[in-house]
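First the structure, in the form of structure tokens, and then the observations on it.
Residue numbers (the working numbering), protein chains in the order written: chain X, 1 to 310; chain D, 311 to 551.
So, in structure tokens, the structure goes:
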């Protein structure tokens, strides 16, 4: 591999395949992540996100395929101190205080950040002298984030970092991570919260049943799923003649209002105005990421929506 | 980026585990006083009973201390800490060295307390005998530290205490730590156990005799085999197959 390639590639995975017993966890994942990119691995539970992350971190060996981190095998990247991670079930050891835990994590890395700075950044300062076993869920999460960042790694990998955290805690967490990403770090995180992926990632890799079903910026994924809808007030027109318009896939009527689901919203709009000049209150909107998610993953249960009071 | 901080914190954590420490250090002491206290003028195998039983209880106490210290790994594992360590630059070797050192550091006060208890019951030894006894006991403990680590890797956290207790009692009884009950083929078998040599350590030192080559070889073989198994258990544990 030439020096140029090494510089260009953060994480490169080729054809990752891994099964546990008869369960195919991932089948043929190809992924190329540039240094400095922030990438969300989005998918329903059991889609293969954690397996992919375990392989990138060198915790798990793929049955087939290969992965490199900054041009070297994951284990070498980890040993060089280039990688910091927050695992789904990695809690601080007992019998230490939070500050000691973060100090311990810092000691493993060649160029760590200052422990106090990281405690302050993550908001773990307030309970730095508390025992790791006595932390609330939100506090433990902050301590773990501090531990993942204190080594000053180039690649930060987070496996469902905000699971079980309240909305406020989640926003604070992403505020911190935004700062980390702004320093040019490569960030990979797994989530099943659409809003997180949409708001924070440069790029979303949508995973379902062990495969990548879409890969691109959030807007591109929404577009790829294709569905856009038009709402309008249009009484006295039967549903059948609306469905016959070019670009329209399905029509719903709610009293005087109609909702057209479109494969080609532009064509549908043009013909709607041409055919029914009496149409009023026309409103076109793009598909939501949630609709794209459902369409692309074919997941009946859907992703878990963020528990905000929307 | 050396492992010094890790080793220091590992030892700190071990000595902060007060409940476990108290039990580990107190149990052999209580046993010693309650049994040897009433037999302080008796003799066994030609030596005073308090001295004879002190060496056995020292071996038992140190075994108990080291196996339970290694076993604390089960807690690290259940909290996901062993897996988290795998994604830091810390070497597995440093991790193991830290555990072994911590276990030895708990064994030392366990031995010292028993020796002190022996002295209060009239045990008299010269410096060379104390040193040799301590040295042989520490050497004989190596396999037990590794057994503790393996238990920590294999046994779920809530089954750890009975597992540690059971393992230590079985090895102690068979090895003759509480007194030798065996002869013939059974004695020959128990000589293959590391606990036999641990029990033997105290007695060998009383007359200032080292272990025979057989003892050194057996302890070395147990240590090497268990170290290999501990490494396997470590790998099985931290990777998801």
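All C-beta atoms in this analysis are idealised placements derived from N, C-alpha and C, irrespective of residue type, glycine included.
Listed by chain order, chain X residues near residue i by CB distance under 9 Å
i: residue 315 of chain D; result: 103, 104, 106, 107 and 108
Short CB-CB distance (under 7 Å) between residue i and chain X
i: residue 385 of chain D; result: yes
i: residue 545 of chain D; result: no
i: residue 329 of chain D; result: no
i: residue 403 of chain D; result: no
i: residue 350 of chain D; result: no
CB contact check: residue i to chain D, cutoff 7 Å
i: residue 2 of chain X; result: Unreliable positioning characterises residue 2 of chain X in this predicted model, as indicated by a pLDDT of 46, which lies under 50. The coordinate reading is nonetheless provided below. With 7 Å as the cut-off, residue 2 of chain X does not count as an interface residue toward chain D.
i: residue 72 of chain X; result: no
i: residue 78 of chain X; result: yes
i: residue 93 of chain X; result: yes
Contact set between residue i and chain D, taken where Cβ atoms lie within less than 7 Å
i: residue 89 of chain X; result: 390
Cross-chain neighbours of residue i in chain D, by beta carbon under 8 Å
i: residue 44 of chain X; result: Residues of chain D passing the Cβ test: none, with the nearest at roughly 20 Å.
Span separating the alpha-carbon of residue i from that of residue j
i: residue 262 of chain X; j: residue 464 of chain D; result: 58 Å
i: residue 106 of chain X; j: residue 516 of chain D; result: 48 Å
i: residue 141 of chain X; j: residue 157 of chain X; result: 14 Å
i: residue 292 of chain X; j: residue 203 of chain X; result: 15 Å
i: residue 24 of chain X; j: residue 210 of chain X; result: 7 Å
i: residue 70 of chain X; j: residue 384 of chain D; result: 34 Å
i: residue 38 of chain X; j: residue 89 of chain X; result: 22 Å
i: residue 112 of chain X; j: residue 398 of chain D; result: 12 Å
i: residue 274 of chain X; j: residue 256 of chain X; result: 19 Å
i: residue 258 of chain X; j: residue 270 of chain X; result: 16 Å
i: residue 137 of chain X; j: residue 45 of chain X; result: 21 Å
i: residue 282 of chain X; j: residue 52 of chain X; result: 44 Å
i: residue 200 of chain X; j: residue 73 of chain X; result: 28 Å
i: residue 539 of chain D; j: residue 533 of chain D; result: 10 Å
i: residue 527 of chain D; j: residue 183 of chain X; result: 57 Å
i: residue 247 of chain X; j: residue 43 of chain X; result: 29 Å
i: residue 337 of chain D; j: residue 469 of chain D; result: 20 Å
i: residue 98 of chain X; j: residue 530 of chain D; result: 40 Å
i: residue 420 of chain D; j: residue 431 of chain D; result: 17 Å
i: residue 335 of chain D; j: residue 115 of chain X; result: 36 Å
i: residue 371 of chain D; j: residue 545 of chain D; result: 30 Å
i: residue 414 of chain D; j: residue 146 of chain X; result: 32 Å
Residue from the options with nearest C-alpha to residue i
i: residue 426 of chain D; options: D:323, D:414, D:367 and D:535; result: D:367
i: residue 320 of chain X; options: X:32, X:265 and X:293; result: The structure shown does not extend to residue 320 of chain X, since chain X spans only 1 to 310, so no value can be given for it.
i: residue 447 of chain D; options: D:374, D:330 and D:321; result: D:374
i: residue 502 of chain D; options: D:534, D:544, D:511 and D:485; result: D:485
i: residue 317 of chain D; options: D:405, D:441 and D:475; result: D:405
i: residue 148 of chain X; options: X:161, X:207 and X:138; result: X:161
i: residue 180 of chain X; options: X:118, X:129 and X:273; result: X:118
i: residue 487 of chain D; options: D:521, D:394, D:456 and D:363; result: D:363
i: residue 524 of chain D; options: D:512, D:506 and D:539; result: D:506
i: residue 77 of chain X; options: X:56, X:93 and X:65; result: X:56
i: residue 297 of chain X; options: X:115, X:183, X:212 and X:97; result: X:212
i: residue 10 of chain X; options: X:92, X:187 and X:146; result: X:187
i: residue 458 of chain D; options: D:395, D:471, D:535 and D:377; result: D:377
i: residue 329 of chain D; options: D:499, D:422, D:471 and D:466; result: D:471
i: residue 206 of chain X; options: X:96, X:12 and X:49; result: X:49
Interface partners of residue i on chain X, CB under 7 Å
i: residue 319 of chain D; result: 96, 100 and 104
Chain-ordered neighbours of residue i on chain D, where CB pairs are closer than 9 Å
i: residue 246 of chain X; result: Result: empty, since nearest Cβ-Cβ is about 52 Å, beyond 9 Å.
i: residue 217 of chain X; result: Chain D residues near residue 217 of chain X: none, gap ~28 Å exceeds 9 Å.
i: residue 85 of chain X; result: 394, 397 and 398
8 Å Cβ cut-off: residues of chain X touching residue i
i: residue 323 of chain D; result: 93, 94, 95 and 96
C-beta neighbour in chain C for residue i, strict 7 Å
i: residue 68 of chain X; result: Absence of chain C from the displayed structure is noted, the protein chains being X and D.
Does the structure place the segment 436-448 of chain D close enough to the segment 342-350 of chain D that three or more beta carbon pairs sit under 8 Å? no
Cβ pair count under 8 Å reaching 3, the segment 150-161 of chain X against the segment 77-90 of chain X: Counting Cβ pairs under 8 Å, three or more are found: they touch.
Cβ contact (3+ pairs, closer than 8 Å) linking the segment 121-132 of chain X and the segment 185-196 of chain X: no
Check whether the segment 53-71 of chain X touches the segment 229-238 of chain X, taking contact to mean three or more Cβ pairs, one atom from each stretch, closer than 8 Å. no
Measuring CB atoms only, is the segment 10-26 of chain X touching the segment 158-168 of chain X, in the sense that at least three cross pairs come out at less than 8 Å? Contact between the segment 10-26 of chain X and the segment 158-168 of chain X is absent, because fewer than three Cβ pairs lie under 8 Å.
For the segment 174-183 of chain X against the segment 96-105 of chain X, are there 3 or more C-beta pairs whose distance is under 8 Å? no
With a cut-off of 8 Å, do at least 3 Cβ pairs link the segment 409-416 of chain D to the segment 471-481 of chain D? no
Kindly confirm or deny that the segment 312-326 of chain D and the segment 334-344 of chain D touch, where touching means at least three C-beta pairs closer than 8 Å. Contact between the segment 312-326 of chain D and the segment 334-344 of chain D is absent, because fewer than three Cβ pairs lie under 8 Å.
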